[in-house]
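*Asks:*
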Amino acid sequence: MTTDTPHAPSAPRKRTVLIRRHAIVTRLTHWLNVLCLSFLLLSGLQIFNAYPRLHWGQYGADADPAFVTTGAREQNGEPRGFVEIGGVSLPTTGVLGLSKLDGELTPRAFPGWLTIPSYQDLAAGRRWHFFFAWAFLINGLVYLAYGILSRHFRRDLAPDRRELTPRHLWREIVDHGRLRFPSGDDARHYNALQKLTYIAVIAVLLPLMLLTGLTMSPGIDAALPFLLDIFGGRQSARTLHFITASLLVLFVIVHVAMVILSGPWNNMRSMITGRYAIRKEGPDA
Amino acid sequence: MTGLLTRRRFLVGGTLGTGALALGGCDALEQNENVGAVLRTAEKLTMGAQRFLLGQETLAREFSAADISPTFRVNGTQSPDSEKYAALHENGFADWRLKVDGLVSRQMEFSLADLRKLPSRTQITRHDCVEGWSAIGQWTGTPLGLILRAAEMKPEARFAVFHCADELEKTLDGSGVYYESIDLIDAFHPQTILAYAMNGEDLTVGHGAPLRLRVERQLGYKHAKYVMRIEIVDSFSRLWGGKGGFWEDRGYQWYAGI
């Protein structure tokens, strides 16, 4: 038996409705992608450690100019880690260039807690990287095929003209800045900033990761030499691979922050069970 | 409210905990043989996919003289540390002979002068180290296919093994001697040459004098330096670590197209 509170009738009633937000394929490929990208990042840093310098162009080795270098050098009789970007040297002892491995200060670009395996082993890093690169590719192709065939891209990700007006975009940016997220019926769909970000990740960053990675392969360069022209050489591709990976890490940080700020439980549930709760105003149907 | 906080804490704690576990567990996973076997399946996939895309004859890109690296990094052995090699070097490699044996109808020997008399190929290509750096250089040498045809391989021949003069790792049993192997698709590839000259000059000791292999569609460690003998085999499982090369025996992929 329920009783209405005396002052309730004047205020609109709110109720929670569970809607189906993410299809099973989206959820599955999302989490597999999380797994793949995690292993790819950590094994990628292991591979980077084997040659911690970034060049631009077709070639690049120790004697050639590099715009990013990290390493360790002696300073006042003590080893110091550093990162050099465009001639500016930053002290990074303990994290980059020089860090503790099994309690001992060891010269290595990225520290052991960021690499697979934790110790220096390029061969092992490559095994992990290429295994998960294949998994990433297959998972991505499944997602792309699903997104097109099920009209997921057109229905959920393509912004309409109204959403792309500067006024609308500016309002969303202001709302995001104030941590005011859509509620009610507006929360049924992605907002324009979400759509644009996801499209950038799905259509630009992830394919760039794959293509710049492939351009580092001498076999692929022979088979698909236009990749060298697109990216300006193997060393440019290696640098772009690193920059794109950094942008993906940035995306994940913002993405996870948004998940936490806009209702972590609801968001996590929707990506696990598919169900997303929205607060609806008005009488029960 | 309390319920929400607990949930939130559970989620955050759970994520952090799983992350930490995953990181700590990776070393254990790396040392697990079954995991290793699963990871290695990717190598076959890579080789299959690349061979499908490449076909037999597709050439690696060739560059112009203007693209040549000002400094070509010397990697691996800087100079083989053996009396035998020192004696050969002292004599300008006049006494050096390339032996070709194994599953061939005619065992052969070539002096450096013999090789120089054969038709040669010159190519400016990019050398890609497995570590990540690259250098561009010009190579001149004898197409390996010419030599293998002259030696008349037997039908069961499947791989060419390159035995080198350098010992990259000092071991008691000699397993630190450098060697490499390629299959016949790469052996007969037009750009696969036994190079005796680099950037228009005799090969230096640092770059593998008197003779080094160029396999342009694969990574640097396949390009064996200080080649002394080419052995044609049906399987490399009997050689040293059984994986087909010095670095392969130390965990690197045999197919190094990636």
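Chains as they are written, first to last, in the numbering used here: chain A, 1172 to 1456; chain B, 1393 to 1650.
For glycine and all other residues, C-beta sits at the position ideal for the given N, C-alpha and C.
Only a predicted model underlies this, so the values are computations on that prediction, with no experimental measurement involved.
1) For leucine 1432 of chain A, count the other beta carbons within 10 Å of its own beta carbon; 16 or more makes it buried, fewer makes it exposed. Which is it?
2) Could you say which of A:Ala1234, A:Leu1340 and A:Gln1246 lies nearest to proline 1462 of chain B if we only look at CA atoms?
3) Three Cβ pairs or more, each shorter than 8 Å: is that satisfied between the stretch 1505-1516 of chain B and the stretch 1579-1599 of chain B?
4) Beta-carbon of glycine 1348 of chain A versus every beta-carbon of chain B: anything under 7 Å?
5) Report yes if the C-beta of alanine 1306 of chain A is less than 6 Å from at least one heavy atom of the ligand PLP; otherwise report no.
6) Would you verify that the beta carbon of arginine 1604 of chain B is, or is not, closer than 7 Å to some beta carbon of chain A?
7) Thinking C-beta only, is proline 1472 of chain B closer than 7 Å to aspartate 1558 of chain B?
8) What is the DSSP secondary structure of histidine 1347 of chain A, reduced to helix, strand or coil?
9) May I ask you to list, following chain order, the residues of the stretch 1300-1332 of chain A that have a beta carbon less than 8 Å from some beta carbon of chain B?
10) Are the C-beta of proline 1389 of chain A and some C-beta of chain B separated by less than 7 Å?
11) For glutamate 1482 of chain B, which residues of its own chain have a beta-carbon under 6 Å away from its beta-carbon, when the five flanking residues on both sides are left out?
12) Report yes or no: is there a C-beta of chain A within less than 7 Å of the C-beta of isoleucine 1528 of chain B?
13) The alpha helix (DSSP H) with leucine 1364 of chain A in it runs from where to where?
14) Are histidine 1555 of chain B and arginine 1630 of chain B close, meaning C-beta to C-beta below 7 Å?
15) For glutamine 1291 of chain A, would you say it is in contact with chain B, using Cβ-to-Cβ distances shorter than 7 Å as the test?
16) Spell out a yes or no on whether the stretch 1204-1212 of chain A and the stretch 1317-1329 of chain A are touching, meaning 3 or more CB-CB pairs, one atom from each, closer than 8 Å.
17) What whole-angstrom Cβ distance do glycine 1257 of chain A and alanine 1416 of chain A have, given they're in contact under 8 Å?
18) Which residues in the same chain as threonine 1383 of chain A place their Cβ atom closer than 7 Å to its Cβ, once the five residues preceding and following it in sequence are excluded?
19) Rounded to whole angstroms, what is the Cα-Cα separation between asparagine 1424 of chain B and glycine 1643 of chain B?
20) Can you give the beta carbon distance from isoleucine 1650 of chain B to glycine 1390 of chain A, rounded, assuming they're within the 8 Å contact cut?
21) Under 9 Å, CB to CB, which of the residues in the stretch 1394-1421 of chain A have a partner in chain B?
22) Compare the C-beta of leucine 1586 of chain B with all C-beta atoms of chain A and state if any pair is closer than 7 Å.
23) Going by DSSP, what residues sit across from histidine 1555 of chain B in a beta bridge?
24) Between alanine 1448 of chain A and chain E, is any beta-carbon pair separated by less than 7 Å?
25) Would you mind sorting tryptophan 1646 of chain B into buried or exposed? The rule is 16 or more other CB atoms within 10 Å of its CB.
26) Using only CA atoms, which one of A:Arg1251, A:Arg1192, A:Lys1366 and A:Phe1303 lies nearest to leucine 1203 of chain A?
27) List in chain order: all unbroken beta strand (DSSP E) runs of 3+ residues lying wholly within the stretch 1230-1291 of chain A.
28) I want to verify the contact list: residues of chain A whose CB lies under 7 Å from the CB of phenylalanine 1628 of chain B, in sequence order.
29) Counting only C-beta atoms, is proline 1378 of chain A closer than 7 Å to chain B at any point?
30) In whole angstroms, give me the CA-to-CA distance for leucine 1398 of chain A and glutamine 1406 of chain A.
31) Could you give the distance in angstroms between the alpha-carbon of alanine 1371 of chain A and the alpha-carbon of histidine 1426 of chain A?
32) If I follow the unbroken alpha helix (DSSP H) through serine 1471 of chain B, where does it start and stop?
33) Can you tell me the Cα-Cα spacing of alanine 1221 of chain A and glycine 1524 of chain B, whole angstroms?
*Replies:* Let me lay it out:
1) exposed
2) A:Ala1234
3) yes
4) no
5) The ligand PLP is not part of this structure, which contains no ligands at all.
6) no
7) yes
8) helix
9) Phe1301, Phe1302, Ala1304 and Trp1305
10) yes
11) none
12) yes
13) 1363-1370
14) no
15) no
16) no
17) That pair is no contact at about 19 Å.
18) Phe1402, Ala1408, Leu1411, His1412 and Thr1415
19) 14 Å
20) 6 Å
21) Ala1394, Leu1395, Pro1396, Leu1399, Gly1404, Arg1405, Gln1406 and Arg1409
22) no
23) B:Tyr1571 and B:Arg1621
24) The structure shown has no chain E; the protein chains it does contain are A and B.
25) buried
26) A:Phe1303
27) 1239-1246, 1249-1256, 1259-1262, 1268-1272 and 1275-1279
28) None at all; the shortest Cβ gap to chain A is about 18 Å.
29) no
30) 12 Å
31) 13 Å
32) Element bounds for serine 1471 of chain B: n/a, residue is neither H nor E.
33) 7 Å
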